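>
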Amino acid sequence: MPLIWLLTLLFLISILLVAVKQTKRRGRQPPCPPGLPIIGNLHQLGELPHQSLCRLSNKYGPVMLLKLGTVSTVVVSSPETAKQALKDHDLHCCSRPSLEGTRKLSYNYLDIAFSRFDDYWKELRKLCVKEVFSMKRVNSFQPIKQMEMKKLIDSITESAFEKTPVNLSETFYSLNVNVVCKAAFGVSFQGSVLDNERLQDLIHEALEMMGSFSAADFYPYFGWIIDWFTGLHARRERSVRDLDAFYEQMIDLHLRKYREERSEEDFVDLLLRLEKEEAVLGYGKLTRNHIKAILMNILLGGINTSSITMTWAMAELARNPRVMKKVQFEIRDIIGENSKGRIISFDEIDQLSYLKMVVKETFRLHPPSPLLVPREVLSEFQINGYTIQPKTRLHVNVWAIGRDPEIWKDPDEFIPERFMDCDIDVKGQHFELLPFGSGRRICPALYMGTTTVEFGLTNLLYQFDWKLPEGLTVEDIDMEEGSGLTAHKKHDLQLVPVKALDF
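In mature numbering (1 follows the signal peptide of the UniProt record, and there is no 0), the protein residues as written are -19 to -1, 1 to 484.
If you want it as C-alpha cells, here you go:
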C-alpha cells in the first residue's frame, strides 16, 4: 500500500511539473473572460462583435485573450497595443488565418486573395501598389468618375425638382458599382453585358457569405459538417461559382476585344498585359487565378467600404447642421459660384481642408472594417508583457480605438475640428486612426478609397443642400449599425435634396 501511495504521489508531482513547465514556456497569458464548455467565448460576441469586444476590453484591458470555439484569439484595443502588433512585431503576425468559410471553396484564387504571408503574396501586393492602385492610375480614372457623377447629379436634380427624398445608401452604392466596374472592367452594366441590379445582387450575396457565421472557422476539424447541414457551404459554393463566371466573362470580353476604344487601359487590360509579359511573383509568374484574386478584392473591397463611409458621413452631417453648413461654405467659397453645373476635380478637392477633417472624423467613428481583417501569429512575441503564441488569431479593434475616451475628447460626438492643427492621418502611421490598417497588411487601395469618398461628398455637398424628410427631426436619424463583414448603416439614409441656386 505505501508503494501505491508513493507511485501516485510521484505521478501527481510529474503532472504538476509538466504543467508548470508548459506555463513557463507559454509565458504570461493575456486576461481572458470566463467562457463556456465547447463554445468558449463565442456567446459573448453578440450581433456586433466590435462593440461587444469593446465592452469586454473596458473590463479586461487592451490585450484580451478569447477562446472562440477551439480557436485562440487575441484582441487589441488601444493605439499602443496596435502599434506593438502592427509595427513593432508586424513580421510575427502578418499572416492570414485559414478561414474555412471564405477560403476552402471550389476555386483556389480565393486562397490567393486571402493568402498567407509568403513570397507570392508579397510580390502580388507590390504589383498591386505599383500598377493597379498607384496614384497615377487612380487619377487616370477621373473622367469615369466625373461622367458617373454627372449622371448622378442629373438624377438627384429631378428628385430636388419633385421634392422627393433620395435614398443615399443606395445612391452611393450604385455610384461606386458604376465607377469601379467601369474602371476595372471597362464596361457599363446599365442593361448591357450584365444587368446592374443582377451585379449588385451578386456582390451583396458574396459580401453576406463572407460576413456570415461559419462553424468551420471556429471548429476547423468538424465545423464543415455543421455548415453543410445549415446550407451555408452550398450557398458559398454557389456564390463563388457566380463570381468566377463573372470574372471569366469579363476576361473573355477583353481577350476578344469586345470593349469600347479608350486611351487608358482598365484593370483587366493591365493585368492581362502583365500576364502576357509573364510578370514574376516570388517563385512563379502572374497567373489567371492571380488576376481573379485581384479583381475579387477590387469588386468586393472597393465598392462596399467607400459607399458605407459616404453614407455615414452624410448621416453625421444631417445630424450636425453646424458642421454641414461649415463644410458647404468651405467648398462653395473655394470652388466658387462660377463652377456651378460642372464636376469638381481631384486637384480642387485637395484645397478643402475642412472636408478632409469631416472624412477623418467619419473614419474615426465609423471605420468600415471595425475589427480589421484578422491576422494569424507566425512566431511568438509579446504585447504589454503578454506572450502571444503562434497560430493565435489576432484582431485589432479600430472601432474601440476610435471611441476611446483616453485618446479622444467627447469620443461619441462628431467634431471634425479635433483634427485641426493635428498631423493624424489614415495612412497607417498613426495608430489612433486605422481605418485601412497598418504594416504589411495595410489596404493597398488606401488612396483610391479616400479620393472616392472625398470626390462623392464634395460634389453632392456643392450642388445641393440637404434636409430631412417632412416630419422628421435630427433626433429621428437612426445611427444603428448593421451586422456583417462591414459596419454599415442598418437602415437606409433618406434625405431630400434642394438645388443650391445661390451660395
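We put the beta carbon where it would ideally sit given N, CA and C, even for glycine.
Since this is a predicted model, take the numbers as computed values, not measurements.
Looking at T292: is its Cβ nearer than 7 Å to the Cβ of F153?
Locating residue 292 in the sequence shown gives position 311, counting from the first residue. Locating residue 153 in the sequence shown gives position 172, counting from the first residue. Cβ distance < 7 Å, so T292 and F153 count as in contact.
> How would you call F227, buried or exposed, if buried means at least 16 neighbouring beta carbons within 10 angstroms?
Taking the sequence shown and counting its residues from 1, the one referred to as residue 227 is at position 246. So F227 ends up on the buried side.
> Alpha helix (DSSP H) containing R323: first to last residue?
The sequence position of residue 323 within the sequence shown is 342, counting from 1. Looking at the DSSP string, R323 is not in any alpha helix (DSSP H), and its letter there is neither H nor E.
> Measuring CB atoms only, is the segment 42 to 54 touching the segment 15 to 26, in the sense that at least three cross pairs come out at less than 8 Å?
Contact between the segment 42 to 54 and the segment 15 to 26 is present, because at least three Cβ pairs lie under 8 Å.
> Since I405 contacts L414 with CB under 8 Å, what's their CB separation in whole angstroms?
Here the question's residue 405 lines up with position 424 in the sequence shown. Here the question's residue 414 lines up with position 433 in the sequence shown. Confirmed, Cβ separation roughly 5 Å.
> Mind checking which residues open and close the alpha helix (DSSP H) that includes S53?
Walking along the sequence shown from the start, residue 53 turns up at place 72. S53 -> not in any alpha helix (DSSP H); beta strand (DSSP E) instead, spanning 52 to 57.
> Give the C-beta separation of V358 and K372 to the nearest angstrom, bearing in mind that I take them to be a contact with Cβ-Cβ under 8 Å.
As a first step, residue 358 must be located in the sequence shown, where it is residue number 377. As a first step, residue 372 must be located in the sequence shown, where it is residue number 391. V358 to K372, Cβ: 6 Å. Contact.
> Specify the secondary structure class of P478 as computed by DSSP and reduced to three states.
Sequence index remark: in the sequence shown, residue 478 carries index 497 (1-based). The answer is strand: DSSP assigns P478 an E or B state.
> Should I206 be labelled buried (16 or more other beta-carbon atoms within 10 Å of its own) or exposed?
Taking the first residue of the sequence shown as 1, we reach residue 206 at position 225. Result: exposed.
> So the candidates are K131, P43, H472; which of them puts its Cα closest to the Cα of W380?
Within the sequence shown, residue 380 is the residue found at index 399, counting from 1. Here the closest residue by C-alpha is P43.
> For L441, tell me which candidate among P478, A468, L234 has the shortest Cα-Cα distance.
Looking up residue 441 in the sequence shown gives position 460. Nearest C-alpha to L441: P478.
> Near V119, what residues of its chain come up, given a Cβ to Cβ distance below 8 Å and the 5 sequence neighbours on each side ignored?
Residue numbering aside, residue 119 sits at position 138 when the sequence shown is read from its first letter. Once the five neighbours on either side are set aside, the close Cβ partners of V119 are Y428, M429, T432.
> Relative to the C-alpha of A296, which candidate in K257, F395, I324, R323 has its C-alpha closest?
Mapped onto the sequence shown, residue 296 falls at position 315. Closest by alpha carbon: F395.
> Taking the CB atoms as reference points, tell me whether L476 and L224 lie closer together than 7 Å.
For the purposes of this step, residue 476 is taken as residue 495 along the sequence shown, with counting starting at 1. For the purposes of this step, residue 224 is taken as residue 243 along the sequence shown, with counting starting at 1. No, Cβ-Cβ distance for L476 and L224 is not below 7 Å.
> Which residues in the same chain as F445 place their Cβ atom closer than 7 Å to its Cβ, once the five residues preceding and following it in sequence are excluded?
Indexing the sequence shown from 1 puts residue 445 at position 464. Excluding positions up to five away in sequence, the list reads I137, A141, P478, V479, K480, A481.
> Tell me, which residues are paired with L46 by DSSP?
Within the sequence shown, the letter at position 65 stands for residue 46. Answer is V55, bridged to L46.
> Shortest alpha-carbon distance to R9 belongs to which of D314, L453, I364?
Counting from 1 along the sequence shown, the entry for residue 9 is found at position 28. Ranking D314, L453, I364 by Cα distance to R9 puts I364 first.
> Rounded C-beta distance between R356 and R77? I'm assuming under 8 Å.
Here the question's residue 356 lines up with position 375 in the sequence shown. Here the question's residue 77 lines up with position 96 in the sequence shown. Right, their Cβ atoms sit about 7 Å apart.
> Just tell me which of V158, A165, W447, K408 has its CA closest to the CA of V113.
As a position in the sequence shown, residue 113 is number 132, starting the count at 1. Ranking the options by Cα distance to V113, first place goes to A165.
> According to the Cβ coordinates, are H472 and D459 closer than 7 Å?
Against the sequence shown, residue 472 aligns to sequence position 491. Against the sequence shown, residue 459 aligns to sequence position 478. Contact: yes.
> Sorted by chain position, which residues of the same chain lie with C-beta nearer than 7 Å to T62's C-beta, five sequence neighbours on each side aside?
As a working note, residue 62 is residue 81 in the sequence shown. Around T62: P43, V44, I364, N365.
> In whole angstroms, give me the CA-to-CA distance for I272 and E256.
Within the sequence shown, the letter at position 291 stands for residue 272. Within the sequence shown, the letter at position 275 stands for residue 256. Rounded to the nearest angstrom, the two C-alpha atoms are 8 Å apart.
> Between L86 and the rest of its own chain, which residues show a CB-CB distance below 8 Å, the 5 nearest in sequence each way excluded?
By one-based count along the sequence shown, residue 86 stands at place 105. Caution applies to L86, whose pLDDT of 43 falls short of 50 and renders its modelled position unreliable; the value that the coordinates give is listed next. Taken in chain order, the residues that qualify are R217, E218, V221.
> Any contact between the segment 416 to 423 and the segment 449 to 468? By contact I mean 3 or more CB pairs, one from each, below 8 Å.
No: fewer than three Cβ pairs fall under 8 Å.
> Are there three or more Cβ pairs, one per stretch, closer than 8 Å when the segment 320 to 339 is compared with the segment 23 to 41?
Verdict: no, contact absent.
> By how many angstroms is the C-alpha of P11 removed from the C-alpha of H185?
Position 204 of the sequence shown, counted from the first residue, corresponds to residue 185. Position 30 of the sequence shown, counted from the first residue, corresponds to residue 11. Taking the straight line joining both Cα atoms gives about 37 Å.
> Is K471 helix, strand or coil by DSSP?
Position 490 of the sequence shown, counting from 1, holds the residue named residue 471. K471: coil per DSSP, three-state reduction.
> Can you tell me which of M338, Y335, I312, V339 puts its alpha carbon nearest to the alpha carbon of S326?
For the purposes of this step, residue 326 is taken as residue 345 along the sequence shown, with counting starting at 1. Ranking the options by Cα distance to S326, first place goes to I312.
> I'd like the list of long-range same chain contacts for E461, defined as Cβ closer than 8 Å, with 5 residues on each side in sequence excluded.
Translated into the one-based positions of the sequence shown, residue 461 becomes position 480. Within the same chain, E461 has close Cβ partners K470, K471, H472.
> Excluding the five sequence neighbours on either side, which residues of its own chain have a C-beta within less than 6 Å of the C-beta of N157, listed in chain order?
The count along the sequence shown starts at 1 and reaches residue 157 at position 176. The residues are I284, S287, S288.
> Count the other CB atoms, across all protein chains shown, that sit within 10 Å of the CB of K64; report buried if there are 16 or more and exposed otherwise.
For the purposes of this step, residue 64 is identified with residue 83 of the sequence shown, where counting begins at 1. Counting Cβ neighbours within 10 Å, K64 comes out buried, since at least 16 surround it.
> What first and last residue would you give for the alpha helix (DSSP H) that runs through L253?
Here residue 253 corresponds to residue number 272 of the sequence shown, with the count starting at 1. Where L253 is concerned, the enclosing alpha helix (DSSP H) stretches over 248 to 257.
> Quick one: Cα of G463 to Cα of E259, how far?
As a working mapping, residue 463 is identified with position 482 in the sequence shown. As a working mapping, residue 259 is identified with position 278 in the sequence shown. Answer to the nearest angstrom: the Cα atoms are 43 Å apart.
> Sorted by chain position, which residues of the same chain lie with C-beta nearer than 6 Å to G465's C-beta, five sequence neighbours on each side aside?
In the sequence shown, residue 465 corresponds to position 484, counting from 1. Excluding positions up to five away in sequence, the list reads G192.
> In this structure, does DSSP put H347 in helix, strand or coil?
Mapped onto the sequence shown, residue 347 falls at position 366. Note: H347 maps to coil in three-state DSSP.
> In angstroms with no decimal places, state the Cα-to-Cα distance between K5 and T368.
Position 24 of the sequence shown holds residue 5. Position 387 of the sequence shown holds residue 368. Reliability fails at K5, whose pLDDT of 48 lies under 50, so the model's placement of it is uncertain and the value that follows must be treated cautiously. Cα to Cα, the separation comes out at about 10 Å.
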